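Single-structure report; data block below.
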Amino acid sequence: MSGYVVKVGKKGELYTPKKLRSQIGLDPGSEFIAVLRGDEIILRKRKTIINLLEEDAIATISEKEVKKERGMLEKELLER
Amino acid sequence: MKLRELYLDTTYIMPFFYLDIDVKGFSRSVYKEVIELLERIHVSEISIIEAKAKSLKIGRKRSKVNEKFNEGLSVFSADEKVVIHGYRSKDDKKFNEFLPLGLCFFDAVILAQSSTVGNLLTEDSRLLRLEDIGVKIINWDTLLREMGIGNK
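In the order they appear, the protein sequences are chains A and B. When the letters of the first sequence are read in order and numbered with numbering that gives the first Met the number 0, they come out as residues 0 to 79. When the letters of the second sequence are read in order and numbered with numbering that gives the first Met the number 0, they come out as residues 0 to 151.
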């Protein structure tokens with residue numbers, strides 16, 4: 000398995016090669032979630048709400064449907 | 000108008016759960032532009048529950064909906080830009096003040112909570128007709144015009 004050599008600084012900083020940074024969008028200030036799996040560390044880019052809006056929706060709902068759902072929930076809640 | 004914070008009605012949290020809305024002129028890319036310009040967005044916890052109920056129904060027909068809702072909620076609730084409002088005493092006080100307006104229960108809760116921010120983005124026609132209640136209630140079209148987005 001090919002990989003990159005990442006060095007660790009005195010305070011735990013990880014020095015990543017430029018090629019790796021550009022491949023995964025490791026920009027200054029970006030955040031990653033580090034997951035430990037045995038003796039492996041998996042770095043997963045932390046999504047923001049902006050990233051959510053960059054992705055495609057899987058369905059569309061109408062304002063009318065939202066309103067209808069509100070009416071049904073309200074009825075259920077108030078008649079319990 | 001330089002809006003820094005905005006309170007969202009349930010319709011406007013659906014896109015964060017991979018569900019688009021049929022509001023005229025709405026698109027995910029323009030919405031992204033709006034959200035990027037804001038410092039904070041506020042939502043009621045009751046809106047998240049409403050959104051979940053709606054997505055459950057859609058999920059009966061489309062298998063990925065429940066999984067995507069959870070993914071969206073995980074990102075949404077962890078984002079520093081998002082403030083999720085629980086129902087507190089000050090909200091209840093406002094709710095009681097709004098009782099004479101004859102609003103439906105959920106509308107009144109969301110309106111009461113939005114009064115701490117001072118504005119509310121909604122497409123609800125009853126809410127949009129309200130005036131002089133201490134909350135500026137706007138729809139998508141007005142928001143774009145006032146923020147100067149999309150040549151409005």
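The C-beta atom is built at its ideal place from N, Cα and C for all residues, glycine as well. Model, not experiment: these values are computed from the prediction.
- Across the set Asp-78/B, Glu-122/B, His-84/B, the C-alpha of Asp-78/B shows the shortest separation from the C-alpha of Ser-29/A.
- Secondary structure note for Leu-35/A: its beta strand (DSSP E) is the uninterrupted segment 31-36.
- Only those residues of the segment 48-59 of chain A whose C-beta falls short of 9 Å from the nearest C-beta of chain B are listed: Ile-48, Ile-49, Asn-50, Leu-51, Leu-52, Glu-53, Glu-54, Asp-55, Ala-56, Ile-57, Ala-58, Thr-59.
- Taking 8 Å as the threshold, the shortest C-beta distance from Phe-97/B to chain A does not fall below it.
- At a cut-off of 8 Å between C-beta atoms, Glu-44/B does not count as an interface residue with respect to chain A.
- Per DSSP, Lys-44/A is not a residue of any alpha helix (DSSP H); the beta strand (DSSP E) it occupies stretches across 39-44.
- Counting every other CB atom within 10 Å of its CB across the protein chains shown gives Leu-5/B a total of 16 or more, marking it as buried.
- The beta carbon of Arg-69/A sits closer than 8 Å to some beta carbon of chain B.
- When the beta-carbon positions are compared, Ala-50/B and Phe-16/B come within less than 8 Å of each other.
- Under the criterion of beta carbons closer than 8 Å, Leu-127/B and Asn-138/B qualify as touching, at roughly 6 Å.
- Annotation for Glu-75/A: the continuous alpha helix (DSSP H) segment containing it runs 62-77.
- A direct Cα-Cα distance of roughly 10 Å separates Val-108/B from Gly-85/B.
- When secondary structure is reduced to three states using DSSP, Glu-130/B falls in the coil class, being assigned neither helix nor strand.
- Contact note: Met-13/B reaches chain A through Ile-60, Val-65, using a C-beta cutoff of 8 Å and chain order.
- Going by C-alpha positions, Arg-27/B is about 26 Å away from Gln-22/A.
- Within the segment 15-48 of chain A, those residues whose Cβ lies closer than 7 Å to any Cβ of chain B are, in chain order, Lys-46, Thr-47, Ile-48.
- Excluding sequence positions up to five before and after Ile-12/B, its CB lies within less than 8 Å of the CB of Val-42, Ser-46, Ile-47, Ala-50, Phe-75, all in the same chain and listed in chain order.
- Interface criterion met: the Cβ of Tyr-17/B is under 8 Å from a Cβ in chain A.
- Annotation for Leu-51/A: no residue places its beta carbon closer than 8 Å to its own, counting only its chain and skipping 5 residues before and after.
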